[in-house]
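Following the working numbering from start to finish, the sequence shown increments by one per residue and tops out at 367.
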Amino acid sequence: MTKRILALLTVVLALSGCGYNDFQRLDEQSKAAWSEVLNQYQRRADLVPNIVATVKGEANFEQETLTRVVEARAKATSIQVTPETLNNPEAFSKFQQAQGELSSALSRLMVVSERYPTLQANQGFRDLRVTLEGTENRITVARNRYIETVQNYNVLARSFPTNLTAKAFSYAPKATFTVANEAQISAPPTVDFSASQPKR
C-alpha cells in the first residue's frame, strides 16, 4: 500500500513539472485572445456598411474606392474561422491577408474622403470615422494580447522538458501574426536632406 502511494506521488510530482497544465492554461488563453481579435474584426466589418452608405451620399465620391471596400469586406467575412485555423498556418495566413486587404481599403477610403469637404462636415461620417479609428486601436490591442499569449505557448512547446509533453500530447507551436510587407518595412528609409539645404 505504501509503495502504491509513493508511486502515485512520484507520478503526480513528475506530471506537475511536465508543463501539461501550463499547456492547458496557455491554450485556453490563446483561444480567448483569438476570440477577442475576431470580435474586433467583426465590429469593424459591421461598421463598413454604415460608412459606405454615408459616403455614397457624396455625389462625386470615387466609386472604385467604395467598391474596393465592399469587396474587401466581403472577402474578409467569407473566410470561415474555426479553432483549427489557429493550428493551420496556411488558413491563418489567408485570413490575415483578407483582414489586411480590408484595413488597406478602409485606409484608402479615409484618405480619399479628405478631399470632400461636405463629407468631412457630415456629423454622421465624423462619428463613424472616430468609431472606426477606435476599433482599429482595439484590433491592435487584441492582436498584441494574442501575440503575447502565443509567444508564451510556443516557448513552452519548444523548451525542455516541456517540449516532451508537447510531443506526447501533440501541442504544436501556434501561428502568430506577421506583417505582409515585412521585407519592405524592414529596409531602412532613405533620408536625403541635400535637396532641402539652402544655397549659400
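Ideal placement from N, C-alpha and C gives every residue a C-beta, glycine not left out. Since the model is a prediction, treat every value here as computed from it, not as a measurement.
- At the C-beta level, Gln266 and Tyr208 come within 7 angstroms of one another.
- Taking a C-beta distance under 7 angstroms as the contact criterion, Thr343 and Ile314 qualify as a contact pair.
- The residue among Lys242, Asp294, Asn188, Tyr320 with its C-alpha nearest the C-alpha of Thr221 is Asp294.
- The C-beta distance from Thr316 to Ala243 rounds to 23 angstroms, too long to fall under 8 angstroms, and the pair is not in contact.
- Here Asn321 is buried: its Cβ has 16 or more other Cβ atoms, across all protein chains shown, within 10 Å.
- Apart from the 5 residues on each side of it in sequence, Ser197 sits with its Cβ closer than 8 angstroms to the Cβ of Leu253, Tyr313, Thr316, Val317, Tyr320, Lys341 in its chain, given in chain order.
- Spatial neighbours of Leu205 in its own chain (CB-CB distance under 8 angstroms, excluding positions within 5 residues in sequence) are listed in chain order as Val248.
- A distance below 6 angstroms between beta-carbons, with the five flanking residues on each side excluded, links Leu299 to the following residues of its chain, in chain order: Leu214.
- Burial is judged here by how many other beta carbons sit within 10 angstroms of a residue's own beta carbon; Leu331 has fewer than 16 and is exposed.
- Within the model, the alpha-carbon separation for Gln191 versus Glu251 is close to 16 angstroms.
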